[in-house]
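Asks: As numbered in our numbering, residues 1 to 1020 make up the sequence shown, in order.
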Amino acid sequence: MTKRLSETAADSSSAFSLFKCISSVRYLNRLKFFSTINHELDRIKSERESPEIIALVADWGQGKSFFLDIIKEYSNSSSIAVIKENFSNVLENWIPNRDGILLIDEVENLVDSAIFGKYKEKIRDFWINIKTLANSKGNSIIYLSMTPSAYSKIFSVGGQLQLMFQETFPALVERVKKVTLNTPSKLEFLLMLNCSMKLRGFDEEDLISYLKYMDLPFWVTQPERRKYVRLINEVIMDNFPSVENTFQEISRGPAKSFLNDEEETVREKELLRLEDEIDRSDRVNFYKSLMCRVGIDKSEILEPLKYMLVKGNLVPYSKWIQVTSDSEVAQNLEDFLLTVKKGKDLEDSLYIFISEELEKLVYEGIISDFEELEAIKEKVLPLANVEAYAMRWDFYEKIVNTNVGGLIVDFKTREMKDMALRFVNDNLTDNKKLIESIINFIDIGKQEWKVEERGQLSLPATLIQLTVGEKKINLMLAIPTSHQDTEKIIEKIKSSQDIIHSLLLINNEFVENNMDDIERLVKITNNLSITMMRIDVPTPMKRQLLYMLFAKKTMKNINIRYDALEIKLGELKRNVEKCINESYEKLIIPQLPAINKRLIQSFNWILFYPEDGIAEVKDIFEKTNDVVNQRFRIFGSKQFHLEDFETETVLEKEIVPYLTDNEIIRSKEGFLDYSNLYGETINKISTILAGYLKQRIDDYVNPLVNFFISSSSTSPDEKFLNTIAKLLQTKNDQSLLFLVYVSVISGLLVSKMDKEKIIDAIIEKINQLPKKEVNDDYFITAKRRDAGIRSLSEMRNIMEKYRELCMLSKENVNNLRFCASYIALNSIYSKLSATAEESRNKMNNEIEIQILKKVDTLVKARKFLGINEPTEEEKIIEEILNNIRNIKNIAKEISDTLKEIYENNKGEEFKRSLDEVVSAIGMDEDQPIHLGLFIANLTNAVLDGVRTSIIDYLNKVDIFNMIQRVKGSARVIKDIDVLLDSLNKTMPELPLIKEEKTKVAQEIEDTVSKIRERVKEIEG
């Protein structure tokens, strides 16, 4: 029967034999653990003038006692005096020798508070002896074996040595050299197995064939002496040379519970799934591929696995060393790339797998310098000549619990580690503890995050709040185990008083087997803008999380290894980060770049376009300009939220590119497609707002409709904007206003909510708008660059087209922009209609009466002179009044004349003249100029003797030509009024005489008529 290895350090000779076998290879300097031993043996062989004190530092099971055993055996074989003692034994009357080797094990006991309290004085004497020895002459070496935490507590500032020797502490620490033992590399692991088996009589040729498949054991075995020994004793020796049996023992046999503290080697669920995809006859090759991982022969490739493999070549290890000996990156890669291909001996059988896709074969945290990686490929690839394949690391890690990084938690004492292990094992299936441990992981896993509020831990879901930057993220963690749990999670989401930003759904058997429930949950979270992510937390991760939770609960004798956290829980951390960062990004409102145009007013040029479909920007400008500026706009007034563009150039060259670059709209080669107009920014914010509004506001329809109406007609509802700003945890600024405005007016936000209900409410509001049916009326308007006549009937016709398109919004929510346009146009029309009615009343009841009084003056003068026929002036004024009453007949003539004036570059002069005359004739300069009232006022003013140049510009229009012709009557009318007034004052009886004369003449005329009638009767 083959002799088994000892799990303890009792047999130092076997340790030394193993070292001699391993150190005989020519690659000793590439070894991490054994090269350190070899270096110390060189130290022992050398002479020294004064004793050396060596602190040998490594964690439990990392080879300190094994190391001391080798030194002991070497010293004995070299006739060097050596003593190996436990620390507790040297406290009693120890006097150090000035020659020889002293090996003191388990110095970590010194930091145990009970031991230190009991032996404080003896411990002090021990260090005094060490200090004395260090300052004396001699050839001795003292090795002090201890854990990293013990080293820190003894030698660091504030540690035990400083407390005992405050004055001489720095000098003493300076004399102690620190030697740290590293965990064995894969090369050492293979050499260790090879030598251990050879020393027990196994054939090297068979061993080399077998060692090719020792990649999986390397990754799943925790690097501790006892675990390595059990791997050899209970796995390899019992199953050699069968690779299949070895695999089954490691993955499914008792070995899986003792090769590492996580008690998992291969993820059995994944293994079963893959086995189901592979023919039974091919499974042996499948197991071999998993055991080998790198250096797989093409003939061994199975169909289901071929997409998980990377093609490459093998390079002899000796050549690899030659070209990469100075590269730290290359050394880090070796464990992932080293394999065995049968040669004359093990040294000759070592190969490195090299590929263009090298980064796919290693753990992502290993590579930090990608330029160096490319340089390595460039050097090594030309040396490769044997084709082979390797498994992608991301695929491999899904199946194999790779032992990259060890435990995240570093325990200071063995007792604390045992307590932690019991805690982990007791709570491994407790879902509430799992949620608590993930919350703890989130809190300490990223410094930029801080868990602010922890709701009461509950199943199946718990809600927490964490700070990420300047935002508060509400995160729900859920573990459903039944359909009832799913319902509870949904109810908790719907009834939450706070916005839920993220949902982490922890994967389990129920989740995987009840996709209908999960799809329903996905649909709900998508609808509410909740970032949902399913996360896998396999047993090894659960163990690490529970270790961290135990560390938090105890807060003593424990250290978190953040480098190992990234390795062991990196995938979980990245998934959690992704989920939380997506929620955080939803709350970041884009700050649009500054532009020298008003955003809403510029965007409205696109909004008011009166058609649908694909349109050229030039056509959009022309048709929107025709509606807004040529049919509705009263220049100088602030009726429209529309920027004043003279030509399409600004829209085409500045506004559309700006909106496109910032993903507000989509454009292509000067065209806009209104059926797919809006860009990613608006789509994103619409989706987010829809979800948050549905979460937070029970009746969101009314606020949304009010914002739509107010934004279209006057100014956006500030209360609604403040609500949005609060939901997004941002300030209510111009960027937010613009993005919300476009989101609402475009219909995108509405489309993601209760569309029909909102559109019905908007249409109901539109139907309630006042519909003034007035006679056709006109306004004149002018600015420096343009002038025109505005017709209320044209406005009504245009509005009706927008209204008809608006009513189709239920069929096409994009048509809501027509509703917004209609509301804006209707607001202007209503105001102008009211102004027109007021102006017409003033014209009929005030200005026309004043004009008729002047006509009456002319009539009085004519009759006084005995003239019966109306004068020319009377006829002209009457015709002017008739034209004013039927203004439609002359509106076009005036419009054409205005166009001619501006085409002749006299617009600025005309505008100045119009402003002057409006002021001169007493019209309100802040009100739109009603055409009829303007002409009536102008006529009245001219008859009053007011002189104006406006008529000179409009004299081609008959009515203004007539006004020009009667301006001479102003003097006559004034003189007649003065004369009549004078006569009334000097001869007040004159009107009475005239009245009596008229009365007598009428009586005579009546008498004559009666006489004539009587004569006719007599004659008849």
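Ideal Cβ positions, reconstructed from N, Cα and C, are used throughout, including at glycine.
Because the structure is a prediction, the values reported are computed rather than measured.
Quick one: is R26 buried, meaning 16 or more other Cβ sit within 10 Å of its Cβ, or exposed?
Replies: Label assigned to R26: exposed.
Asks: Look at R785 and E646 and say whether their C-beta atoms are less than 9 Å apart.
Replies: In this structure, E646 lies closer than 9 Å to R785 by Cβ.
Asks: Let me confirm a value: I236 is counted as buried when at least 16 other C-beta atoms fall within 10 Å, else exposed. Which label applies?
Replies: With 16 or more other Cβ atoms within 10 Å, it is buried.
Asks: Tell me which residues share the same chain as M1 and place their Cβ nearer than 8 Å to its Cβ, disregarding the 5 neighbours each side in the sequence.
Replies: Bear in mind that a pLDDT of 48 at M1, under 50, signals an unreliable position, so the model cannot answer this.
Asks: On the criterion of 16 or more Cβ atoms from any shown chain inside 10 Å, does N937 qualify as buried, or is it exposed?
Replies: Its Cβ being crowded by 16 or more others within 10 Å, N937 is buried.
Asks: So, at 7 Å on beta carbons, what are the nonlocal neighbours of R965 in its own chain, with the 5 sequence-adjacent residues on each side left out?
Replies: I876.
Asks: Using beta-carbon positions only, say whether E92 and L103 come within less than 9 Å of one another.
Replies: Not a contact, by the Cβ cut-off of 9 Å.
Asks: Mind listing, in chain order, the continuous alpha helix (DSSP H) runs of no fewer than 4 residues lying wholly within the region 916-983?
Replies: Listed in chain order, the complete alpha helix (DSSP H) runs (minimum 4 residues) inside the region 916-983 are 931-943, 950-954 and 958-966.
Asks: Please report the straight-line C-alpha distance between R98 and V90, rounded to a whole angstrom.
Replies: Rounded to whole angstroms, R98 to V90 spans 15 Å at the Cα level.
Asks: Do V409 and Q248 have their C-beta atoms closer together than 9 Å?
Replies: No.
Asks: Would you identify the three-state DSSP class for L428, choosing helix, strand or coil?
Replies: The answer is coil: DSSP assigns L428 none of H, G, I, E or B.
Asks: Would you please state the rounded distance, in angstroms, between the beta carbons of G63 and L181? I believe it to be under 8 Å.
Replies: The pair is a contact, with the Cβ atoms about 6 Å apart (cut-off 8 Å).
Asks: Is the distance from the Cβ of T324 to the Cβ of M291 below 9 Å?
Replies: Their beta carbons are not under 9 Å apart, which means T324 does not touch M291 by this criterion.
Asks: Taking the alpha carbon of T462 as the reference point, which residue from I745, K433 and H483 has its own alpha carbon closest?
Replies: Checking every option, the nearest Cα to that of T462 belongs to K433.
Asks: Taking the alpha carbon of G445 as the point to measure from, which residue in K120, D418, N425 and A564 has its own alpha carbon closest?
Replies: Selected option, being the one with the closest Cα: A564.
Asks: When we look at the beta-carbon of G788 and count the other beta-carbons within 10 Å, is it buried (16 or more) or exposed?
Replies: With 16 or more Cβ atoms within 10 Å of its Cβ, G788 is classed as buried.
Asks: Using a Cβ-Cβ cut-off of 7 Å (strictly less than) and excluding sequence neighbours within five positions of S793, which residues of its own chain qualify?
Replies: Contacts found: D776.
Asks: Which residue from L459, S458, P460 and I464 puts its Cα closest to that of V451?
Replies: Out of L459, S458, P460 and I464, I464 has the C-alpha closest to the C-alpha of V451.
Asks: Exposed or buried, which one is A330 when buried takes at least 16 other CB atoms within 10 Å?
Replies: Under this definition A330 is a buried residue.
Asks: Taking the alpha-carbon of I951 as reference, which of A388, E916 and T265 has the nearest alpha-carbon?
Replies: I951 has its Cα closest to that of E916, out of A388, E916 and T265.
Asks: At what residue ranges does the region 781-815 contain a whole run of the alpha helix (DSSP H), taking only runs of 4 or more?
Replies: The region 781-815 contains these whole alpha helix (DSSP H) runs: 792-806.
Asks: Can you tell me whether Q591 is buried or exposed? The criterion is at least 16 other CB atoms within 10 Å of its CB, across all chains shown.
Replies: Looking at its Cβ environment, which holds fewer than 16 other Cβ atoms inside 10 Å, Q591 is exposed.
Asks: Exposed or buried, N526, counting other C-beta atoms within 10 Å across all chains shown (16 or more means buried)?
Replies: Counting Cβ neighbours within 10 Å, N526 comes out exposed, since fewer than 16 surround it.
Asks: What separation, rounded to the nearest whole angstrom, lies between the Cα atoms of M146 and T265?
Replies: Near 29 Å, if we compare the C-alpha coordinates of T265 and M146.
Asks: Report the rounded CA-to-CA distance for D975 versus E622, giving the unit in angstroms.
Replies: Those two C-alpha atoms are separated by around 54 Å.
Asks: Rounded to the nearest angstrom, what separates R267 and E106 at their Cα positions?
Replies: In a straight line, the C-alpha of R267 is about 36 Å away from that of E106.
Asks: Output yes or no for whether 9 Å exceeds the beta carbon distance between F910 and R790.
Replies: Going by C-beta atoms, F910 is not nearer than 9 Å to R790.
Asks: Could you check the C-alpha separation between L475 and D644 for me, to the nearest Å?
Replies: Their Cα atoms are separated by approximately 47 Å.
Asks: Who pairs with I558 in a beta bridge, going by DSSP?
Replies: In DSSP, I558 forms a bridge with F411.
Asks: Straight-line CA distance for K731 to F550?
Replies: Roughly 41 Å between the two C-alpha positions.
Asks: Assuming Y584 and V740 form a contact by the criterion Cβ under 8 Å, report the distance between their Cβ atoms to the nearest whole angstrom.
Replies: At roughly 20 Å, the Cβ-Cβ gap does not stay under 8 Å, so Y584 and V740 are not in contact.
Asks: With DSSP as the reference, identify every bridge partner of D1026, one or two as the case may be.
Replies: Since the displayed the chain opens at 1 and closes at 1020, residue 1026 lies outside it and no answer follows.
Asks: Is there contact here, the region 337-348 with the region 200-214, by at least three beta-carbon pairs under 8 Å?
Replies: These segments touch.
Asks: Answer yes or no: the CB of R561 versus the heavy atoms of the ligand SAM, is any distance below 8 Å?
Replies: As presented, the structure is devoid of all ligands, the ligand SAM included, so that no description of it is given.
Asks: Any contact between the region 377-397 and the region 196-204? By contact I mean 3 or more CB pairs, one from each, below 8 Å.
Replies: Touching, no, given that fewer than three Cβ pairs across the two stretches are closer than 8 Å.
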